[in-house]
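Chains as they are written, first to last, in my numbering: chain A, 7 to 251; chain B, 7 to 251; chain C, 7 to 251; chain D, 7 to 251. Heads up, the beta-carbon is just placed ideally off N, CA and C, and yes, glycines get one too. Following: one structure in structure tokens, then a few remarks.
Number of protein chains: 4
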Amino acid sequence: MARNPKLKSASHALVGKIKSTVDDPRLVERRRAQITEAAINVFSKIGYYSATIRDVANKANVSVGLIYQYVEDKEDLLFLALIEILDAYKRQIPVALEGIEDPLRRFCSAVSTYCSVHGRSVDATVLAYRETASLSKPRRNVIKQMEIETNEMLAACVRDCITAGSFDEDTDIEFLCYQAIMFSHAWALKSWNFGSRMTVDEYVDRGLALMLHGVLTSKGSRQIRQINESNASGKHHAARASAAA
Amino acid sequence: MARNPKLKSASHALVGKIKSTVDDPRLVERRRAQITEAAINVFSKIGYYSATIRDVANKANVSVGLIYQYVEDKEDLLFLALIEILDAYKRQIPVALEGIEDPLRRFCSAVSTYCSVHGRSVDATVLAYRETASLSKPRRNVIKQMEIETNEMLAACVRDCITAGSFDEDTDIEFLCYQAIMFSHAWALKSWNFGSRMTVDEYVDRGLALMLHGVLTSKGSRQIRQINESNASGKHHAARASAAA
Amino acid sequence: MARNPKLKSASHALVGKIKSTVDDPRLVERRRAQITEAAINVFSKIGYYSATIRDVANKANVSVGLIYQYVEDKEDLLFLALIEILDAYKRQIPVALEGIEDPLRRFCSAVSTYCSVHGRSVDATVLAYRETASLSKPRRNVIKQMEIETNEMLAACVRDCITAGSFDEDTDIEFLCYQAIMFSHAWALKSWNFGSRMTVDEYVDRGLALMLHGVLTSKGSRQIRQINESNASGKHHAARASAAA
Amino acid sequence: MARNPKLKSASHALVGKIKSTVDDPRLVERRRAQITEAAINVFSKIGYYSATIRDVANKANVSVGLIYQYVEDKEDLLFLALIEILDAYKRQIPVALEGIEDPLRRFCSAVSTYCSVHGRSVDATVLAYRETASLSKPRRNVIKQMEIETNEMLAACVRDCITAGSFDEDTDIEFLCYQAIMFSHAWALKSWNFGSRMTVDEYVDRGLALMLHGVLTSKGSRQIRQINESNASGKHHAARASAAA
DNA sequence: TATGAATGAGGTTTCATTCAT
DNA sequence: AATGAATGAAACCTCATTCAT
């Protein structure tokens, strides 16, 4: 039941469209990663428009000119940053689901990972939210498409839950997924409001409880109770896991 | 049971801190409204940073210089815009609740209004999301405070529902409110994804159904069924109402 | 036999295409003249590419920003400069011919003026020669067209000479005009080589002598001798005239 | 009566002043020729300032770094290009005069060659005109000196014509030479205007006719008629010759 | 000797802000 | 009070030049 994690190529193709004066593809990849990392950092902190190319260059410990050998535009920098952020989801969720067989647990894990990936770098997610609009239309569409693809990973979990009889047969899959995703985004967007009151894990637990009431079958409800119990006893492990992420 | 709508003064006090070279307070208010209107319009469309003062001046049919007689900064413009947007919520929700006695209906109406106010000008809400971070820290806090105050109107509805026995006694009020608000924001933020698939009303209905399952008492469940039935028969009215908004 | 000097409008129309953020047409005209003057000066001395906008701004005693309110591009500056240079010819030649009736004298005066206008600002002419190629193709064509129009003023003189029987009937008008114009450009282009050896007047006299041998009729030859004699006695006047130009 | 063609050394000495990090003189010469060729090509097409070192490197199929091992400056590249262009004249004219004994024919051939060399690469000549001013003063003087030396080859022809009694004894040699040279440059500079109306040969014929009227003795006039007649019958040969050039 | 990635000074351009009218 | 021309700091981006390999 393990899914194919070979999703890397999609964004690779997009990034490949950005022109570079440097030939060696290894170097291009390494430098771009270095620059993108810095860009995410800087943009997250002070915003895309406030950040200067020099800010990014300094953060990346390279010269301004170097950046322009791997990127055509300042907008390219934003594009690379957003792609990397969205890509992180696509890479992390399959990892989190690895080894988990039970569909309901898979769903819960996926939601939890969504929140945690956000939590790892709240600023980056907020960046994705704030600045997608600053892109050109075609690129904005690329980002939207990536979001949709990521969301599909969650939808697959939901479908499995229905097949397994844990969720109602007439569950509106898309709608449920969307609420789950918004729920996790909310953590990132408004962590200034919630962060002080609860941990991510508590946040996820409560959110799942709220959302699932509407879709759980009686069998599903029983399972959830078991899951919560085992989670409670395995808290140490969970804590460690989320810290490592 | 009508709440005090005299909240206007709060933002007024804040706006009052913005210096103007013009003395006549009537004129200041009128001009600021004119300029703010234009600012919301322009910022919503092309973003705060991309918009120039001249853009705003043109939209407002005034000169660039005039703006600087009612505002100190470009940031002031953003601040005024965001305050006006948030203020609209505070003004509209009490109006929507007027005359409704039943707490559960009040709650549903409030959520619906949240979404609809957004819907009236999706761009403006997105603006609030995107650009709050562009403010100076103290002003960002002011905006956050305003959000919290607005949310309190929803919290009051929830408390009434608990008192009336429609919601569980151990409902996490803040958490529920927050999810409801995120739910309505989601409509604005992602209407590009959902707008084509359903109307605001459908969106609200489904969302409430999902969220409330977790908190409704058996009494509450019965009420909801009644509400939905009466809504169904009163669709014309609802349609007209949302069209007028 | 006086020609219509109302040629100003042609270049005016072209200049009008350049966008300005300033509304008052009087001011635009005055500022553009001021800036163009400075641009000609600076570009002539150090070349279009070596000159910076700041150089031009300093020379014109205005700020850098001001220039960009009257001009879109650095290229606009070059365009304005070249148009002004070519326009000077169109303005000066009719003035020089004013009051002269005899066609042969008119022709000689025209050639002399060509050289003198150059002489007034050799650098400007060299600029026109060097930098026309730096313009975009459509603008390069505009400049070419202006040159052709200017040349036409000389061609008219030649035609009159033929009609009056001073030049051979089978004179190749275009070719003769072109050589005359090249001859005057040569003075500008290579004045570093000739300037030390003779005055403009001497240069023109010799050049005309050389060129006209091929086209003068016997009547024309007689006239030329008279002209040269009267010129010799009227040297003072001529000197003053060329100084005033 | 053949002149010494050993003029190569002059420019060689100049080029020798340009420092190179490479020792082997053979290699230096070969590489410089390769680079200069590319530079002429690129500069001619898009101008000295618009062209980048990388453009030249690409055209020459070498790396950017390699260029800087044979040249100190971008200006060196221009200098090399201009020297090569002027040198081509010095090399070609003696070749064209080879075997021609009659002084008047030699003069006509020389003028024709001037135009034709230009014609071979109009762009290169225009380059020489436009960009000489972009050089440092000492180097500009070097180029001027080279022009003067080249012109001297024409002057020698004129002197021979005078000695042979074909030209008036009081011919102003320098002035005539200069006009002849300007005449040939004109072809290059304004070929956009003339190129469509006549061939180089026609252009030269007409120009010589015009210029020589003023200096030909009666003997010279007779010779010219003969030359023109023989030219007319030898058109095939001439056509082939100009094609080969 | 040849390469091409890296540097950073400097140019063009924008636009928030001022101020004379 | 209202206008809009003028200012100039600061941003993006280019490209000649260097230098490690």
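Assignment of residue 141(B) by DSSP, reduced to helix, strand and coil, places it in the coil class. At the C-beta level, residue 34(D) and residue 28(D) come within 7 Å of one another. Comparing alpha-carbon positions, the option among 88(C), 221(C), 150(C), 211(C) lying closest to residue 197(D) turns out to be 150(C). For residue 181(C), the neighbours in chain D by C-beta distance under 7 Å run, in chain order, 212. Counting C-beta pairs closer than 8 Å gives three or more between the region 211 to 223 of chain A and the region 215 to 223 of chain B, which meets the contact rule. Scanning its chain for C-beta atoms nearer than 7 Å, with the 5 sequence neighbours on each side dropped, one finds around residue 186(C) the residues 117, 160, 217, in chain order.
Excluding five sequence positions before and after residue 65(A), the CB atoms of its chain that fall closer than 6 Å to its own CB belong to 44, 47, 48, given in chain order. Neighbourhood of residue 135(A) in chain B, by CB distance below 8 Å: 135, 136, 195, in chain order.
Non-local beta-carbon contacts of residue 138(C) in its own chain, meaning distances under 7 Å to residues more than five positions away in sequence, involve 88, 146, 149 in chain order.
Legend: CB atoms of the region 215 to 227 of chain D lying less than 7 Å from CB atoms of chain C belong to residues 215, 216, 217, 219, 220.
Only residues of its own chain outside the window of five on either side were considered, and among them 112, 115 have a CB closer than 7 Å to the CB of residue 106(C), listed in chain order.
Annotation for residue 92(A): 152 place their beta carbon closer than 6 Å to its own, counting only its chain and skipping 5 residues before and after. A Cβ of chain C is located within less than 7 Å of the beta carbon of residue 192(D). Residue 187(B): member of the alpha helix (DSSP H) spanning 179 to 195, first to last residue. Here the C-alpha atom of residue 54(C) lies approximately 40 Å from the C-alpha atom of residue 39(A). For residue 140(D), the chain C residues whose C-beta falls within less than 7 Å of its own C-beta are 53, listed in chain order. A distance below 7 Å between beta-carbons, with the five flanking residues on each side excluded, links residue 75(B) to the following residues of its chain, in chain order: 26, 27, 28. Boundaries cannot be given for residue 53(A), as no alpha helix (DSSP H) includes it and DSSP labels it neither H nor E.
Cβ-Cβ distances below 6 Å link residue 110(A) to 167, 172, 229 in the same chain, with the five nearest sequence neighbours on each side left out; the list follows chain order.
The beta carbon of residue 128(B) sits closer than 7 Å to the beta carbons of 194, 197 from its chain, once the five residues preceding and following it are set aside; these are given in chain order. Nearest to residue 192(C) by C-alpha distance, out of 177(C), 165(C), 134(C), is 134(C). The secondary-structure analysis by DSSP pairs residue 85(D) with nothing; it has no beta-bridge partner.
Bounds of the alpha helix (DSSP H) holding residue 218(D) are 206 to 218.
Around the C-beta of residue 238(B), fewer than 16 other C-beta atoms lie within 10 Å, and the residue is accordingly described as exposed.
Bounds of any alpha helix (DSSP H) do not take in residue 23(A), whose DSSP letter is neither H nor E. In this structure residue 84(A) is not in contact with residue 122(A), their Cβ atoms being roughly 24 Å apart against a cut-off of 8 Å. Chain-ordered listing is empty here: chain B has no CB closer than 9 Å to the CB of residue 152(A), the nearest sitting near 13 Å. Between residue 41(A) and residue 73(A), the C-beta gap is smaller than 7 Å, which places the two residues in contact. Residue 159(D) is outside the set of residues whose beta carbon lies under 7 Å from a beta carbon in chain C.
Bridge partners of residue 200(B) according to DSSP: none are assigned.
According to the DSSP secondary-structure assignment, residue 222(C) is paired through a beta bridge with 173(C). For the region 88 to 101 of chain D, the set of positions with a beta-carbon nearer than 8 Å to some beta-carbon of chain C is empty. Leaving aside the five residues that flank residue 60(B) on each side, the residues in its chain whose CB is nearer than 7 Å to its CB run, in chain order, 70. From the beta-carbon of residue 178(A), the residues of chain B found nearer than 8 Å are 212. Scanning chain C for C-beta atoms nearer than 8 Å to the C-beta of residue 232(D) yields nothing, as the closest lies near 19 Å away.
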